[in-house]
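J.: Residue numbers (this note's numbering): 577 to 973. Backbone N, C-alpha and C define an ideal beta-carbon position, used for all residues, glycine too. Next up is a structure, given as structure tokens.
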Amino acid sequence: MPPVPSPSCNTASPALPARAGLSRLLMSLGYHAAMPAADHPSAIDWLATDPAQVALRFRARQAMVAADLFMPADARLRDDDRVAIAGLLTTLVGQVEADLRMRLAGAAAAAAPLLAHALATPDPAIAGSVAEQAGARGDSALVAVLAQRAAERRLVARLRRDRDRDAAIGQAPPVPTTLLATDTDPAIAPAARALAAIDPVGDGLPAAGAAMLPAEVQHRLVWRVAATLRAQAIARHGLAGIDIDPLIAHAAGAALAGYDEGVTPAGLALALARAVAAAGRLDGGLAVSAIAAGEAGFAAALLAVAGGVGFAAAWEMMLDPDPTRLLLLCRAADFPAVAAADIVQRLAAGADDEGLAGRLDSYDAITPRRAAAAISLWRLDPAYLEAIAEIAARPQP
């Protein structure tokens, strides 16, 4: 009998799945925990499978397909995003694993030589196991961050194609951060040079590593990889947890101690944007120039500082197919209508032109204060906004 294809192969998954669907999403990305051949269930185990559980899985699958069928197209996870998320997660886990192995190698060589031997070779199954754990525990924050990073990279790639097209016809836009690096202002120039040093490409995106995750998400990932390494050492090499736990915990703690959210492209872009604002030179024209030059991260920092929202909130508004919040952010920043129109048209490529024109017609009728009030939730702690969204999603009695 030919093998039955996996039912998840050709089914799109929602971009921001519910907690119960995270494991299924991660499996659709190609992550399956490695299982030694000896651990596969025997035929008699198959016969003992609970029919109720089989029916439950089938019903859940039907519900997922039905939900996806009627989901708006822009809310579905794109195939290229799925590949990008899988690649980012594999890279992240691989980097954390390599860091922990390196830290453990020296410490374990004398105190626990068996552990040093067990951890000598990277294990590709670690990524699959960690991904499955993330889904099983409903780590929606990790999946959401990776989906956000994939969308950011897609936007930057499009902006850079537009920039290169303009350059090919002799209309290369100026690069704001390059110009600011030679500015006479004593605060602006050093901030611009610091950003260029950590972000030589100029896209404002964190490299595929620790800095691309918020601290709390990074902490959970490091401890999850550490626990997976522990389980591997116990199961495959017969080591006792009581002997290796202090070494593994110390290595994970040391890895996290070197994590600094400030020394990232986001942190340095915000520092530069604040320096520009302090000099009274943050305006819509500078934000347009940053977007035209493909410097999306710096543009997000400028919008965040000018509009009084967080960096992540500004990025979220830049990526939203509906330009309403982005227009309100521009108005809250007191950008002129022509700059707001330029920003939105460059970022929201798929926006409805007629609807956008209507919003722009009434742009000046909205005061900056009223616009700021409309996006006031995005000025508060993101956890508060998440909690509000969760409550709003619950069925009403």
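Near Ala877, what residues of its chain come up, given a Cβ to Cβ distance below 8 Å and the 5 sequence neighbours on each side ignored?
T.: Within the sequence shown, numbered from 1, the residue matching residue 877 stands at position 301. Cβ neighbours of Ala877 beyond the five flanking positions: Gly780, Ala842, Ala845, Leu846, Leu848, Ala849, Phe887, Ala890.
J.: Count the other CB atoms within 10 Å of the CB of Met893; is the residue buried (16 or more) or exposed (fewer)?
T.: Against the sequence shown, residue 893 aligns to sequence position 317. Classification for Met893: buried.
J.: Spatial neighbours of Ala868 within its chain, please: C-beta separation below 6 Å, excluding the five flanking residues on both sides.
T.: Counting from one through the sequence shown, the residue named residue 868 turns up at place 292. These residues qualify, in order along the chain: Pro749.
J.: Give the straight-line distance between the Cα atoms of Cys906 and Glu966, rounded to the nearest whole angstrom.
T.: Residue mapping note: residue 906 aligns to position 330 of the sequence shown, counting from 1. Residue mapping note: residue 966 aligns to position 390 of the sequence shown, counting from 1. So the alpha carbons of these two residues sit roughly 27 Å apart.
J.: Whole angstroms are fine: how far does the CA of Ser705 sit from the CA of Thr804?
T.: Translated into the one-based positions of the sequence shown, residue 804 becomes position 228. Translated into the one-based positions of the sequence shown, residue 705 becomes position 129. Approximately 7 Å, taken between the alpha carbons.
J.: For a test of the three-state rule: what should DSSP assign to Phe911, helix, strand or coil?
T.: In the sequence shown, the residue the question calls residue 911 occupies position 335. Looking at Phe911 - three-state DSSP - the assignment turns out to be coil, as it is neither helix nor strand.
J.: Would you check if the distance between the CB atom of Gly870 and the CB atom of Leu735 is smaller than 8 Å?
T.: Mapped onto the sequence shown, residue 870 falls at position 294. Mapped onto the sequence shown, residue 735 falls at position 159. Yes, these two residues count as a Cβ contact at 8 Å.
J.: Distance, Cα to Cα, Pro627 vs Ile951?
T.: The sequence position of residue 627 within the sequence shown is 51, counting from 1. The sequence position of residue 951 within the sequence shown is 375, counting from 1. For Pro627, the predicted model reports a pLDDT of 49, less than 50, meaning its position is unreliable; a value from the coordinates is still stated below. Computed Cα separation, rounded: 50 Å.
J.: Hey, Ala916 and Gly860: beta-carbon distance below 8 Å or not?
T.: Here residue 916 corresponds to residue number 340 of the sequence shown, with the count starting at 1. Here residue 860 corresponds to residue number 284 of the sequence shown, with the count starting at 1. Yes, the Cβ-Cβ distance between Ala916 and Gly860 is below 8 Å.
J.: Just verifying my parser: in three-state terms, what is the DSSP assignment at Ser716?
T.: Taking the sequence shown and counting its residues from 1, the one referred to as residue 716 is at position 140. Three-state DSSP puts Ser716 in a helix.
J.: Work out the CA separation of Leu823 and Pro762 for me, nearest whole Å.
T.: As a working mapping, residue 762 is identified with position 186 in the sequence shown. As a working mapping, residue 823 is identified with position 247 in the sequence shown. About 46 Å.
J.: How about Ala726 and Asp655: are their beta carbons less than 8 Å apart?
T.: Translated into positions along the sequence shown, residue 726 becomes position 150. Translated into positions along the sequence shown, residue 655 becomes position 79. In this structure, Asp655 does not lie closer than 8 Å to Ala726 by Cβ.
J.: Give, in chain order, every unbroken run of the alpha helix (DSSP H) that is at least 4 residues long and sits entirely within the region 835–860.
T.: 841–854
J.: Taking only three categories from DSSP, how would you classify Leu789?
T.: For the purposes of this step, residue 789 is taken as the residue at position 213 of the sequence shown. Correct three-state label for Leu789: coil.
J.: Would Arg946 pass as a contact of Thr900 if the rule is Cβ separation under 8 Å?
T.: The residue labelled residue 946 in the question sits at position 370 within the sequence shown. The residue labelled residue 900 in the question sits at position 324 within the sequence shown. No, these two residues do not count as a Cβ contact at 8 Å.
J.: Relative to the C-alpha of Leu797, which residue among Ala969, Thr667, Leu953, Val659 is closest?
T.: As a first step, residue 797 must be located in the sequence shown, where it is residue number 221. If we check each option's Cα against that of Leu797, Thr667 comes out closest.
J.: Can you tell which of Ala913, Asp918, Ile661 has its C-alpha closest to the C-alpha of Leu718?
T.: As a first step, residue 718 is located in the sequence shown; it is residue number 142 there, counting from the start. Selected option, being the one with the closest Cα: Ile661.
J.: Near Ile942, what residues of its chain come up, given a Cβ to Cβ distance below 7 Å and the 5 sequence neighbours on each side ignored?
T.: Here the question's residue 942 lines up with position 366 in the sequence shown. Listed in chain order, the non-local C-beta contacts of Ile942 below 7 Å within the same chain comprise Arg907, local neighbours out to five positions each way being set aside.
J.: Which value, in whole angstroms, describes the spacing of the CA atoms of Arg800 and Ile964?
T.: Within the sequence shown, the letter at position 224 stands for residue 800. Within the sequence shown, the letter at position 388 stands for residue 964. Straight-line Cα distance between these residues: approximately 28 Å.
J.: Expressed to the nearest angstrom, what Euclidean distance is found between the alpha-carbon atoms of Leu665 and Asp715?
T.: As a working mapping, residue 665 is identified with position 89 in the sequence shown. As a working mapping, residue 715 is identified with position 139 in the sequence shown. Using only the alpha carbons, I get a separation of about 13 Å.
J.: Beta carbon of Ile820, beta carbon of Ala809: below 8 Å?
T.: Stepping through the sequence shown from its first residue, residue 820 is reached at position 244. Stepping through the sequence shown from its first residue, residue 809 is reached at position 233. Yes, the Cβ-Cβ distance between Ile820 and Ala809 is below 8 Å.
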